[in-house]
Every structure is written in structure tokens, then in C-alpha cells.
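Visitor: Chains as they are written, first to last, in our numbering: chain A, 265 to 713; chain B, 45 to 405. Glycine included, each C-beta is placed from N, C-alpha and C at the ideal position. Remember, it's a predicted structure, so these values are computed and weren't measured experimentally.
#1: Does the beta-carbon of residue 339 of chain B have 16 or more other beta-carbons within 10 angstroms, so that it is buried, or is it exposed?
#2: Tell me which residues share the same chain as residue 260 of chain B and place their Cβ nearer than 6 angstroms to its Cβ, disregarding the 5 neighbours each side in the sequence.
#3: Residue 361 of chain B versus chain A: which residues are under 7 angstroms apart at the beta carbon?
#4: Can you tell me which of A:284, A:271, A:272 puts its alpha carbon nearest to the alpha carbon of residue 357 of chain B?
#5: How about residue 642 of chain A and residue 648 of chain A: do their beta carbons lie closer than 7 angstroms?
#6: Which ranges does the beta strand (DSSP E) cover as unbroken runs of at least 3 residues, wholly within the region 536-574 of chain A, from first to last along the chain?
#7: Only counting runs of 3 or more residues, tell me where the beta strand (DSSP E) segments fall wholly within the region 128-156 of chain B, in order along the chain.
#8: So, helix, strand or coil for residue 46 of chain B, using DSSP?
#9: Answer yes or no: does any C-beta atom of chain A fall closer than 7 angstroms to that of residue 372 of chain B?
#10: So for residue 356 of chain B, helix, strand or coil by DSSP?
#11: Answer with yes or no whether the minimum CB distance from residue 250 of chain B to chain A is below 7 angstroms.
#12: To the nearest angstrom, how far is the alpha carbon of residue 277 of chain A from that of residue 373 of chain B?
#13: Would you report the Cα separation of residue 530 of chain A and residue 58 of chain B, rounded to the nearest angstrom?
#14: Report, in whole angstroms, the separation of the C-beta atoms of residue 608 of chain A and residue 579 of chain A, which I expect to be a contact under 8 angstroms.
#15: Starting from residue 22 of chain B, find everything on chain A with Cβ-Cβ shorter than 8 angstroms and list it in chain order.
#16: Residue 47 of chain B and residue 71 of chain B - do their beta-carbons sit closer together than 7 angstroms?
#17: On the CB-based measure, 16 or more other CB atoms within 10 Å of its CB, does residue 357 of chain A come out buried or exposed?
#18: Any beta carbon of chain B sitting closer than 7 angstroms to that of residue 305 of chain A?
#19: In chain order, which continuous runs of the alpha helix (DSSP H) of length 4 or greater are located wholly inside the region 64-108 of chain B?
#20: How would you call residue 664 of chain A, buried or exposed, if buried means at least 16 neighbouring beta carbons within 10 angstroms?
#21: Between the C-alpha atoms of residue 372 of chain A and residue 270 of chain B, what's the straight-line distance to the nearest angstrom?
#22: Residues of the region 516-541 of chain A with a CB closer than 7 angstroms to any CB of chain B: list them in chain order, please.
#23: Taking DSSP as the reference, what is the three-state secondary structure of residue 310 of chain B?
#24: Taking the beta carbon of residue 325 of chain A as the centre, do at least 16 other beta carbons fall within 10 Å, making it buried, or is it exposed?
#25: Taking just the CA atoms, how far does residue 464 of chain A sit from residue 472 of chain A?
#26: May I ask you to report which of helix, strand or coil DSSP gives residue 360 of chain A?
#27: Determine which residues share a DSSP beta bridge with residue 111 of chain B and list them.
#28: Taking only runs that begin and end inside the region 453-483 of chain A, name each unbroken beta strand (DSSP E) of 3 or more residues, in chain order.
#29: Could you tell me the alpha carbon to alpha carbon distance between residue 254 of chain B and residue 381 of chain A, rounded to whole angstroms?
#30: Do you know how far the Cα of residue 68 of chain B is from the Cα of residue 390 of chain B?
#31: So, residue 209 of chain B versus residue 296 of chain B, is the Cβ gap smaller than 7 angstroms?
#32: Between residue 271 of chain A and chain B, is the shortest Cβ-Cβ distance under 7 angstroms, so that the two count as touching?
#33: With distance defined between alpha-carbon atoms, name the residue in A:388, A:430, A:424 nearest to residue 411 of chain A.
#34: At which residues does the beta strand (DSSP E) containing residue 8 of chain B begin and terminate?
#35: Under 7 angstroms between C-beta atoms, does residue 294 of chain A make it to chain B?
#36: Is DSSP giving residue 293 of chain B helix, strand or coil here?
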């Protein structure tokens with residue numbers, strides 16, 4: 265089977281990882297970088313904390329507040345505090361030289377601790393400080409002014425040229441602004457002309473806005489209704505869940521009750537079977553049915569070919585099927601009493617455990633060539649009628665039916681004597697009954713017409 | 045029928061407590077009157093009862109008793125011999141005492157006592173021995189439990205709850221600063237391999253560079269200060285400084301944020317009976333790198349990169365591969381998620397739980 269391309273091949277990946285691990289172990293460690301949060305903090309305040317070398321011209325290029333801010337950030341590596349910035353600005357406004365401000369910061373205690381190097385600052389700072397001394401300061405100031413005079417004259421010429429250029433640029437800008445003003449006036453007139461049309465558009469827009477607001481209100485109403493329905497459903501679900509749980513518990517209890525009842529019924533059935541079996545055994549002990557069974561079996565065999573199959577329903581402890589087998593007949597024996605069936609098995613006669621009426625109901629029409637019934641199966645009148653009806657349906661034409669009336673075996677049964685049995689059989693549509701008496705036991709033999 | 049869940053300590057936030065409470069809930073859903081009996085309870089709102097009342101409640105022949113065995117507890121063993129119903133021994137495993145020997149004589153003694161009871165519990169004649177993993181079940185069988193009465197069921201967990209939980213946005217923002225976050229979740233105990241974890245993370249920083257952060261989520265134990273100090277010393281030795289961030293006693297929202305903000309989950313634990321954080325990471329789509337000790341290979345299955353060795357460079361290279369190879373990372377996520385859905389999803393485990401108890405319910 266081809267591997268799924270979307271599924272990683274873990275074994276080959278692990279082999280590659282193993283190689284990568286070996287290679288990484290062999291090479292030099294990478295430099296550690298500060299974690300991202302601190303890097304971001306450094307970037308956000310814009311202070312170049314690593315830089316400690318400047319030229320004085322880099323720091324004097326800005327003016328006023330920007331100059332003070334920049335000086336603090338470069339020389340003290342922080343933003344200026346309110347008091348410090350105010351003092352430096354005051355010095356500037358009272359005529360202090362920028363180099364004096366820079367020197368004040370650089371050689372303050374904080375500045376010395378940071379130790380930034382500012383090229384060409386030291387001499388200028390000393391001269392600026394000297395010029396502020398009483399008596400000495402005045403000639404020093406003149407001396408500095410004389411020394412700066414050529415540069416000042418050059419600066420003045422440069423300033424003049426720059427101002428001329430600036431004036432020219434301002435004139436051009438003024439002309440441009442004038443043109444733009446004229447264009448704006450034209451545009452304004454156009455807008456005034458379009459005003460009625462704009463008003464119409466505004467009205468349409470307002471109408472649309474109203475429509476949208478109405479739709480929004482309806483939507484809000486719908487949403488509120490949906491929320492209410494949801495709350496109702498939630499409220500309904502809770503008792504439903506309780507009901508389901510209650511039903512589940514009830515069903516569980518019911519199932520447990522049914523299991524107990526079935527177990528009790530099984531126990532009662534077993535006890536009843538044992539009682540019936542004890543009764544049968546007691547009667548057999550009082551008077552053996554063996555001779556009666558032999559006589560009845562011989563009579564039945566006269567009406568059947570050798571080896572014919574007799575269906576025997578209500579076979580009891582196997583004594584009667586044994587008599588039939590003794591006459592060379594085959595027997596399909598069925599009884600519902602588990603105790604009697606076990607006894608039949610013990611004497612070597614196979615009797616199936618089951619409901620005789622159900623067995624007869626499963627037989628095809630006219631398929632039974634001989635049938636033997638115990639009168640104990642007849643029970644009440646309805647049961648007897650149904651059983652005889654089923655017997656007629658299942659029996660072949662002319663097939664014999666032998667009904668055994670074992671005295672005392674079923675004292676409460678519908679049929680417990682020969683005359684009643686014969687009457688019932690005739691009523692069910694069978695032929696002329698023949699009574700087979702043997703000792704105190706009776707059987708009735710009929711044929712299907 | 046009545047059912048009793050028995051455990052020495054009931055805590056709402058630990059793996060054993062979650063497992064016990066979930067079993068109780070499922071049995072109640074089946075209409076079975078169920079109670080939880082424990083020695084002590086910590087931070088639990090659900091009703092629980094003292095062990096003395098268990099025999100009267102569920103000591104009959106038709107009753108069910110499930111004992112969660114995770115530490116030595118003689119009263120439970122005595123009780124298991126007295127009750128007459130269906131008995132289940134649920135084994136979560138006990139950490140070997142040797143891990144605690146250098147740090148805490150009390151922990152060492154407690155673990156030794158617990159492990160000394162394994163044979164007695166394994167031979168108590170329970171009707172079902174339920175290992176949280178095959179590794180746990182094998183240990184019980186090796187101590188005399190009948191193999192034919194053994195089965196494996198992963199511990200019930202709150203992973204689906206964690207999937208639905210809201211994350212702590214503040215922590216999410218703090219961790220989402222561009223660093224490559226590597227996460228370890230588990231209490232700070234000597235069997236969890238924190239020192240080896242720091243070694244592996246140092247190798248990752250040395251070999252593949254910053255920015256990187258090791259996030260250690262788990263409660264430390266003051267009585268194991270020696271172990272915690274050793275981890276801190278190893279962090280300092282590697283000059284990792286504030287690249288290692290500790291989060292103790294996190295809320296559910298913080299735990300969710302830690303998972304969501306992490307690029308990989310890593311564990312070098314040397315002893316686990318199951319390892320719930322592993323399946324939390326698998327369910328939340330965090331690629332996993334793990335040391336294949338004890339029950340970890342069984343829990344991880346094919347949903348993680350698992351190494352038998354403890355070479356820190358292997359783990360570092362694994363983290364680097366997951367960072368750089370999107371196909372590998374996404375494929376591993378899919379495999380892990382499929383494994384969680386097929387094996388560890390609560391619905392799947394619930395069916396297996398009832399199937400295992402089918403004969404008695």
C-alpha cells in the first residue's frame with residue numbers, strides 16, 4: 265500500500281532529526297539574543313543605548329526643545345525630566361551657547377557615569393564657561409567674537425542669500441495659493457449649482473437610512489423573539505430531561521422487576537413439573553401402566569404398517585412411547601414437563617421438551633399418519649376444541665388417533681373418563697370411537713373421516 | 045444494584061480525581077445509585093462519603109466497588125476483602141521511590157509503602173483489574189493479578205471541557221510576543237524530568253537560536269524544594285535567565301492560553317502511568333516531542349515524536365524540525381487529533397467502560 269503523502273513518515277523524519285542534532289552539537293552555539301519584550305521596549309523609546317561616540321555637530325544641529333531632548337537622549341541615555349528640560353531651555357533663552365548646555369549634561373555626575381564621548385566639545389565648553397566669568401568673561405567674549413568674526417560675516421552673507429531665496433520661494437508659493445483659491449471659488453460655484461441635486465440625493469439617502477433603521481428594528485424584534493423562544497425551549501428542555509431520566513429509571517426498575525418475576529415463574533413451573541412427576545410416579549407405583557400400554561400399543565399397531573411414525577403428544581415419563589417402540593413403531597415424542605422428560609431420557613427414550621400444541625400447529629396439513637394424545641393436554645373446553653381441530657387438520661385421511669385417559673393423572677382435567685372422551689372426539693368430527701379398557705385405565709381410538 | 049467508587053484522596057483537578065468522578069457520573073446516568081468514598085477530599089464540590097460507610101452501602105453480593113489504586117492505603121485493601129459484590133481494581137500506577145530518595149524521605153517512604161502494596165492488591169481476588177494503560181496492567185499481572193481478568197481503559201479526563209473553555213487573553217497576549225514557546229505541563233516532581241528538559245531547551249537555544257521561551261506549567265511542592273532548586277540552578281547554569289517562565293496553580297483559562305500560545309509540547313518524564321497532558325496537547329493540536337519512558341509511547345502512539353534516548357540535542361533538533369517543517373508539524377497534528385478522537389474521546393471511552401462492566405450492570 266502506498267503511504268499517504270499527507271501523513272509524515274515519522275521514521276525517516278526521526279533519522280533526519282538525528283543527523284541535525286549531531287550537526288548542531290558539533291557547531292558553535294549561536295549568540296543569545298535578548299527576549300523580544302525588551303527588544304521591543306528599546307525600539308519604542310528610540311534611545312541608542314549602545315552608542316557612546318558623537319561629534320558636537322550632530323548634537324547642535326537641532327533647536328530649542330528638540331535640541332534639549334536629543335542632548336538628554338544622547339548624553340544621559342534617557343528622556344529629559346521636566347525640571348531638567350526646563351532649566352536647559354531657560355539657559356538657552358537667556359543666551360547660553362548650545363555647547364554650554366551639552367557640556368553641562370556631559371560633565372554632570374550622571375553624564376560622567378555614562379561616559380559618552382563628544383568630539384570637539386571640551387574646548388568649546390571651557391570657552392563658553394570662561395565667557396560667563398565676571399571681569400574675565402567680557403574680554404574672553406570679545407576675543408571669541410573677534411575669532412568668530414570671519415565666520416560670522418560668512419554666515420551673514422549666507423543668511424542674506426538664503427533669505428532672498430526664501431522670499432522668492434514665498435512669492436511663488438503665494439502665486440500658487442492664489443491659483444488654488446481661484447480654483448476653489450470655481451468649485452464652490454459648481455457646488456452651489458449642484459446643491460438642489462445634492463439635496464435630492466440627501467433625501468434619498470435619508471429615506472434609505474430610515475428603511476435600514478426600520479429593517480434593523482424589525483431584526484432586533486425578531487432577535488428578541490428568537491431569544492425568548494430559545495429561553496422557552498431551554499425551559500422546556502429541563503423538565504423533558506428530567507422526564508427522560510425519570511422514565512429511564514422507571515424502565516430500569518421495571519426491567520429488574522420483570523427479571524425477578526420471570527425467575528419466580530420459572531421456579532414455580534419447575535415446582536409444578538416436580539409435583540406432576542411425583543403424582544405420575546405415585547400412580548405408577550400404585551398400579552403399573554405397563555400392561556395397559558402394551559395392549560393399547562398392540563391395538564394401534566394393527567392399524568399401521570410396520571415402522572410407521574406415531575406422533576405422541578404428552579409423552580410423560582417415556583413409558584408409553586416405550587410401549588409403542590416395543591410394537592415396532594417409530595415415535596416422535598413431546599412433553600412440556602422438564603422433570604418427566606428428564607426421566608424419559610434416563611430410561612433411554614428420547615422425548616423432546618416443548619409445548620405439544622405448538623408442535624402440532626407446526627405440522628403440515630394431512631402429514632401425520634398416526635397421533636397419540638394424553639388427556640392431560642385437553643384442559644378446558646376451548647383448549648380441547650382447538651387441539652382436536654388442529655389434530656384433524658394435521659392428520660391424513662383415515663389416520664388413527666389414540667386418546668389416553670390415565671386415571672388420576674389430571675383429576676381437574678376436562679376429560680377423565682372414556683365416555684366423555686368419546687363424546688368430545690365425535691363432536692370434533694372424528695369417526696366412531698372404540699374404547700380400549702385395560703385395568704383402571706382407558707384409551708379411546710378413533711380414525712379421521 | 046449500588047456502586048461505590050473508592051479512592052484515598054479525592055481532588056477535583058488531578059487525573060485520578062477526574063477519572064473517579066467521571067465513572068461515578070456515568071454509572072449514575074445508567075440509573076445506578078452511586079457514591080464516592082474517600083479518605084480525604086480537596087477542592088471538590090461533589091458529595092463524597094467516609095470509607096466507613098461503604099460496606100453498608102455497597103457491600104452486598106449484587107453491588108459494584110471500584111477501587112482507584114494510586115497510593116498505598118491499607119483500609120481499602122481490608123475493605124476489598126470484605127465486600128461480596130463485583131470488585132474492580134483501577135490501577136493508576138505509583139511512582140518508584142528511587143526518584144524521591146535525594147529530595148524527600150517522606151515522599152520516598154510513601155511511594156515505597158504504596159509499591160509494597162501492589163502485590164497484595166494484585167492478588168486480592170478482584171473480578172476485574174483495570175489498568176489506565178497496558179504498562180500499568182502489565183505491572184499488576186507481574187505482581188500476581190490474573191491476566192484473564194485484566195483490561196485497559198485510559199483515565200477519564202476533562203480534555204473536551206478544555207477544548208471548549210475560553211483562554212486567558214492577558215496571558216495569551218503576553219506569550220504571543222514573537223518568542224518560540226515550548227511547553228511542559230505536569231507537577232514539579234523528580235520523576236518528571238525537568239532537569240533534562242532544561243538541558244534540551246538550552247540545546248535548542250544554542251543550536252537554533254532565539255527568541256525562545258520554555259513554559260513550565262505545574263505546581264511545585266515545598267517539601268521537594270531541593271528538586272525545584274536543582275532545576276533553577278540548571279537554568280542559571282545554562283544562562284537561560286528569563287527565557288524560562290514558570291506558571292504555578294494555573295486556572296483552566298490560563299492552561300488553555302498556555303497550550304494555545306505554545307508551538308510545541310515537550311516532556312522528558314521518566315515515569316508516567318498514562319500522562320494526561322500528552323492527550324491535552326494532542327487534542328489541542330500542539331505537536332508533541334516526548335521521551336519514550338513507561339506508558340508514554342503507548343499514550344502518544346503515532347501522534348508524537350518519541351525518543352528512547354535522553355540526549356538533549358535530539359529533543360532540541362525535534363523542536364527545530366517542528367518549527368521549520370510545516371508539513372511535518374501539520375501531519376503530526378492530524379495524526380495526534382485522529383488518535384485522540386479514535387481512542388481517548390470520552391464517548392469512545394464511555395462505551396468501552398460499559399462494555400467492560402457489561403456482565404455486572
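Guide: Inspection of the coordinates gives the following:
#1: Per the 10 Å Cβ criterion, buried.
#2: For residue 260 of chain B, the CB contacts under 6 angstroms within the same chain, skipping 5 residues up- and downstream, are 228, 290 in chain order.
#3: Going along chain A in sequence order, the residues near residue 361 of chain B (Cβ under 7 angstroms) are 281, 284, 285, 288.
#4: For residue 357 of chain B, the closest of A:284, A:271, A:272 by C-alpha to C-alpha distance is A:284.
#5: In this structure, residue 648 of chain A lies closer than 7 angstroms to residue 642 of chain A by Cβ.
#6: Correct list: empty.
#7: Counting only runs of 3 or more, we get 130-135.
#8: Three-state DSSP puts residue 46 of chain B in a strand.
#9: Chain A contact via Cβ: present.
#10: Residue 356 of chain B: helix per DSSP, three-state reduction.
#11: Output row for residue 250 of chain B: interface = yes.
#12: Rounded to whole angstroms, the separation of the alpha carbons of residue 373 of chain B and residue 277 of chain A is 11 angstroms.
#13: In this structure, the straight-line span from the alpha carbon of residue 530 of chain A to that of residue 58 of chain B is close to 49 angstroms.
#14: At roughly 7 angstroms, the Cβ-Cβ gap stays under 8 angstroms, so residue 608 of chain A and residue 579 of chain A are in contact.
#15: The requested residue 22 of chain B does not occur in the structure, where chain B is confined to residues 45 to 405.
#16: A contact, by the Cβ cut-off of 7 angstroms.
#17: So residue 357 of chain A ends up on the exposed side.
#18: The predicted model places residue 305 of chain A with a pLDDT of 36, which falls under 50 and marks its position as unreliable, so this point remains unresolved.
#19: Listed in chain order, they are 98-102.
#20: It counts as buried.
#21: Straight-line Cα distance between these residues: approximately 48 angstroms.
#22: Hits within the stretch, in order: 516.
#23: The three-state reading of DSSP puts residue 310 of chain B in strand, counting E and B together.
#24: Exposed: under 16 other Cβ atoms inside 10 Å.
#25: Distance between the alpha carbons of residue 472 of chain A and residue 464 of chain A: 12 angstroms.
#26: Reduced to three states, the DSSP call for residue 360 of chain A is coil.
#27: DSSP output for residue 111 of chain B lists B:50, B:133 as bridge partner(s).
#28: List check, beta strand (DSSP E) in window: nothing returned.
#29: Answer to the nearest angstrom: the Cα atoms are 32 angstroms apart.
#30: Linking residue 390 of chain B to residue 68 of chain B through their CA atoms gives a straight-line distance of about 14 angstroms.
#31: Their beta carbons are under 7 angstroms apart, which means residue 209 of chain B touches residue 296 of chain B by this criterion.
#32: Closer than 7 angstroms to some Cβ of chain B, the Cβ of residue 271 of chain A qualifies, so yes.
#33: The shortest Cα separation from residue 411 of chain A among A:388, A:430, A:424 belongs to A:388.
#34: No statement about residue 8 of chain B is possible, as the shown extent of chain B runs from 45 to 405 and does not include it.
#35: So, interface residue.
#36: Reduced to three states, the DSSP call for residue 293 of chain B is coil.
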